[in-house]
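Numbering (the UniProt record's numbering), first residue to last: 1 to 460.
Following: one structure in structure tokens, then a few remarks.
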């Protein structure tokens with residue numbers, strides 16, 4: 001095995017980065033040298049997920065925890081069934097992990113709420129991100145947890161480094177704030193879609209440093225009866241995410257001080273909520289449209305930014321709303337011609353160009369069009385063939401979101417043929433091949449743009 005040991009450690013570490021967990025384990029069986037490298041590799045210990053309570057799953061989870069050797073790591077516990085091993089062994093592993101875990105996510109049946117709270121009483125000096133989700137068992141309802149609120153003594157009452165907290169189907173009591181949460185800046189509160197509840201006006205007492213807030217449920221009641229101090233505290237937020245029924249969202253803008261919040265995102269808003277969200281923005285606007293795909297779903301996200309007021313509003317919608325004959329229909333804001341005349345800059349992702357185009361009005365004053373190419377191909381990419389009426393276009397920016405790619409000059413010339421003036425062309429992460437001479441003749445100038453020109457408009 002001398003030849004194996006002769007391979008530089010740096011090279012072996014890089015090679016091991018491409019192995020999945022079980023392949024990394026198999027590599028550790030080759031020799032003692034590889035065993036040390038494999039078990040000490042970040043792929044083995046830095047990101048641990050436990051989604052089963054079989055003997056082998058618990059064995060390897062414990063082994064990986066041992067190999068963290070006091071280094072910060074990420075632990076995700078996602079087990080949604082009821083099993084005797086949850087309290088006997090699984091939560092014991094969580095308790096061990098609290099010594100040096102940096103990110104902790106727990107998803108368990110609400111049946112284990114008391115045991116989870118007892119486990120979390122231990123100090124977590126390295127914890128920065130904490131997520132707790134209770135799955136409601138058969139026939140379970142959130143009100144069953146009303147008498148089991150989150151303990152005020154979790155994490156030893158010590159805030160340490162905690163900055164981000166996400167709670168789903170977790171009850172907070174208005175009686176005892178949690179000292180460990182006093183430094184948290186990012187908060188997400190969620191309940192089942194069927195749940196209706198009164199907004200907890202004491203939320204800002206739990207999270208006095210909060211600047212980022214996400215609220216999700218079936219509906220949340222906001223009214224003028226809420227404490228003025230709690231309602232006014234919303235103005236201190238930098239970001240607000242709202243995902244519940246349209247009428248409840250409208251009440252947020254009616255009763256809560258949201259006009260000064262720099263960024264707000266509303267999921268599936270009705271028309272009244274859209275215009276209420278946009279009321280404090282001042283024209284001219286920049287509109288950015290993109291399709292965002294995650295493990296759970298795909299969303300069409302429309303962003304309206306007002307450089308003059310420094311405010312941005314995001315609207316997340318179901319792409320199916322834009323299918324021909326859809327019952328829900330598209331966001332009527334897109335078809336509003338008066339609003340279209342206030343848009344000075346428009347960004348469209350190529351993946352949704354054909355889907356959105358039937359609902360877009362003429363943009364007679366639009367001077368700046370930005371095409372975000374959100375797919376990669378090893379061959380030259382063609383621009384969309386569908387026409388968009390832009391009689392006064394002056395600037396066209398092409399940006400690749402996923403590495404360097406090639407665009408056909410002929411496709412670009414055909415696209416520019418739909419404009420009445422010679423435009424200034426900017427290329428970000430894009431190279432053009434083909435008839436460059438004809439392209440130069442059709443443009444007022446071509447230059448390389450800043451790769452991050454669109455980054456501030458992206459929604460994540």
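Glycine residues also receive a C-beta, built at the ideal position from the N, C-alpha and C atoms.
Just so you know, these numbers come straight off a predicted model, no measurement behind them.
Open item on the list: Taking the alpha-carbon of residue 125 as reference, which of 192, 373, 103 has the nearest alpha-carbon?
Closed with: Translated into positions along the chain shown, residue 125 becomes position 125. Residue 125 has its Cα closest to that of 103, out of 192, 373, 103.
Task: Helix, strand or coil at residue 445 according to DSSP, with G and I counted as helix - done: In the chain shown, the residue the question calls residue 445 occupies position 445. It is a strand residue.
- [ ] Can you give me the Cβ contacts of residue 166 inside the same chain, cut-off strictly under 6 Å, excluding the 5 residues immediately before and after it?
- [x] Position 166 of the chain shown, counted from the first residue, corresponds to residue 166. Contacts found: 131, 188.
Open item on the list: Any contact between the segment 197-212 and the segment 173-180? By contact I mean 3 or more CB pairs, one from each, below 8 Å.
Closed with: yes
Task: Beta-ladder partner(s) of residue 424, from DSSP - done: Here residue 424 is taken as the residue at index 424 of the chain shown, counted from 1. Looking at the DSSP output, residue 424 bridges to 395, 445.
- [ ] Ignore the nearest five residues each way along the sequence and tell me which others in residue 120's own chain have a CB closer than 6 Å to its CB.
- [x] Taking the first residue of the chain shown as 1, we reach residue 120 at position 120. Correct list, in chain order: 154.
Task: Selected residue, minimal CA-CA separation from residue 286, among 278, 292, 293 - done: Here residue 286 is taken as the residue at index 286 of the chain shown, counted from 1. Looking at the Cα atoms, 278 is the closest of the given residues.
TODO: Give, in chain order, every unbroken run of the alpha helix (DSSP H) that is at least 4 residues long and sits entirely within the segment 223-251.
DONE: 228-232
Open item on the list: residue 366 and residue 415 - do their beta-carbons sit closer together than 8 Å?
Closed with: Residue numbering aside, residue 415 sits at position 415 when the chain shown is read from its first letter. Residue numbering aside, residue 366 sits at position 366 when the chain shown is read from its first letter. Their beta carbons are not under 8 Å apart, which means residue 415 does not touch residue 366 by this criterion.
Open item on the list: Using CA atoms only, rank isn't needed, just tell me which of 442, 320, 33, 343 is closest to residue 307.
Closed with: The residue labelled residue 307 in the question sits at position 307 within the chain shown. Measuring from the Cα of residue 307, the nearest candidate turns out to be 343.
Task: Proximal residues to residue 252 (C-beta, below 7 Å), its chain only, five neighbours per side dropped - done: Here the question's residue 252 lines up with position 252 in the chain shown. Excluding sequence neighbours, residue 252 sits near 222, 242, 258.
Task: Top-ranked residue by Cα proximity to residue 335, from 134, 319, 358, 346 - done: Within the chain shown, numbered from 1, the residue matching residue 335 stands at position 335. It is 358 whose Cα lies nearest to the Cα of residue 335.
Task: Completely contained beta strand (DSSP E) runs for the segment 66-138, where each covers 3 or more residues - done: 73-79, 101-109, 129-135
- [ ] Flag this pair as yes or no: are the beta carbons of residue 148 and residue 106 separated by less than 8 Å?
- [x] Within the chain shown, the letter at position 148 stands for residue 148. Within the chain shown, the letter at position 106 stands for residue 106. Cβ atoms of residue 148 and residue 106: not closer than 8 Å.
- [ ] Within its chain, find whatever has a CB closer than 8 Å to the CB of residue 275; leave out the 5 residues flanking it on each side and keep chain order.
- [x] Here the question's residue 275 lines up with position 275 in the chain shown. So the list reads 333, once near-sequence residues are dropped.
Open item on the list: Using a 10 Å radius around the Cβ and a threshold of 16 neighbouring Cβ atoms, would you call residue 80 buried or exposed?
Closed with: Numbered from its first residue, the chain shown carries residue 80 at position 80. Burial call: exposed.
Task: Terminal residues of the alpha helix (DSSP H) in which residue 16 lies - done: The residue labelled residue 16 in the question sits at position 16 within the chain shown. Here the alpha helix (DSSP H) through residue 16 covers 9-16.
- [ ] Could you spell out the range, first to last residue, of the alpha helix (DSSP H) harbouring residue 271?
- [x] The sequence position of residue 271 within the chain shown is 271, counting from 1. It spans 271-278 - the alpha helix (DSSP H) in which residue 271 sits, taken as one unbroken run.
TODO: Using three-state DSSP, classify residue 364 as helix, strand or coil.
DONE: Position 364 of the chain shown holds residue 364. The answer is coil: DSSP assigns residue 364 none of H, G, I, E or B.
- [ ] Put residue 333 into one of helix, strand or coil per three-state DSSP.
- [x] Within the chain shown, residue 333 is the residue found at index 333, counting from 1. It is helical.
Open item on the list: Quick check on DSSP: helix, strand or coil for residue 151?
Closed with: Residue 151 sits at position 151 when you count from the first residue of the chain shown. Here residue 151 sits in coil by DSSP.
Open item on the list: For residue 218, would you say it is in contact with chain E, using Cβ-to-Cβ distances shorter than 8 Å as the test?
Closed with: In the structure shown, chain E does not exist; there is a single protein chain.
TODO: Check the C-beta distance from residue 169 over to residue 110 and give it rounded, since I have them as a contact under 8 Å.
DONE: Counting from one through the chain shown, the residue named residue 169 turns up at place 169. Counting from one through the chain shown, the residue named residue 110 turns up at place 110. That belief holds up - the Cβ atoms of residue 169 and residue 110 are roughly 7 Å apart, short of 8 Å.
Task: Own chain residues within Cβ distance below 6 Å of residue 133, not counting five before or after - done: Taking the first residue of the chain shown as position 1, residue 133 is located at position 133. In the same chain as residue 133, and ignoring 5 residues on each side of it, the C-beta atoms closer than 6 Å to its own belong to 107, 168, in chain order.
Task: Coarse secondary structure for residue 359, derived from DSSP in three states - done: As a first step, residue 359 is located in the chain shown; it is residue number 359 there, counting from the start. If DSSP states are grouped into helix, strand and coil, residue 359 belongs with the helices.
Task: Length of the line joining the Cα atoms of residue 93 and residue 61 - done: In the chain shown, residue 93 corresponds to position 93, counting from 1. In the chain shown, residue 61 corresponds to position 61, counting from 1. Those two C-alpha atoms are separated by around 8 Å.
- [ ] Could you have a look at residue 436 and say whether DSSP puts it in helix, strand or coil?
- [x] One-based indexing of the chain shown puts residue 436 at position 436. DSSP places residue 436 within a helical segment (H, G or I) once states are collapsed to three.
- [ ] Identify, in the order they occur along the chain, each residue of the same chain with its Cβ nearer than 6 Å to the Cβ of residue 151, setting aside the five sequence neighbours on each side.
- [x] Taking the first residue of the chain shown as 1, we reach residue 151 at position 151. Answer for residue 151: 117, listed in chain order.
Task: Assigned exposure category for residue 402 - 16 Cβ within 10 Å defines buried - done: On the chain shown, position 402 is the one that residue 402 refers to. Under this definition residue 402 is an exposed residue.
TODO: Using the Cα positions of residue 441 and residue 409, report the straight-line distance between them to the nearest angstrom.
DONE: Residue 441 sits at position 441 when you count from the first residue of the chain shown. Residue 409 sits at position 409 when you count from the first residue of the chain shown. If you draw a straight line from the Cα of residue 441 to the Cα of residue 409, it comes to about 12 Å.
Open item on the list: Restricting to Cα atoms, I'd like to know which of 193, 312, 266 is closest to residue 238.
Closed with: Translated into the one-based positions of the chain shown, residue 238 becomes position 238. Comparing Cα-Cα distances from residue 238 to each of 193, 312, 266, the minimum goes to 312.
Task: Neighbour-count burial assignment, residue 328, 16 or more Cβ in a 10 Å radius - done: Reading the chain shown from its first residue, position 328 is the one you call residue 328. By the 10 Å Cβ count, residue 328 comes out exposed.
Open item on the list: For a test of the three-state rule: what should DSSP assign to residue 454, helix, strand or coil?
Closed with: Here residue 454 corresponds to residue number 454 of the chain shown, with the count starting at 1. Only weak support is given to the placement of residue 454: the predicted model assigns it a pLDDT of 49, under 50, and the question is left unresolved by the model.
Task: Nearest candidate by alpha-carbon position, reference residue 398, set 411, 376, 430 - done: Here residue 398 refers to the residue found at position 398 of the chain shown. Comparing Cα-Cα distances from residue 398 to each of 411, 376, 430, the minimum goes to 430.
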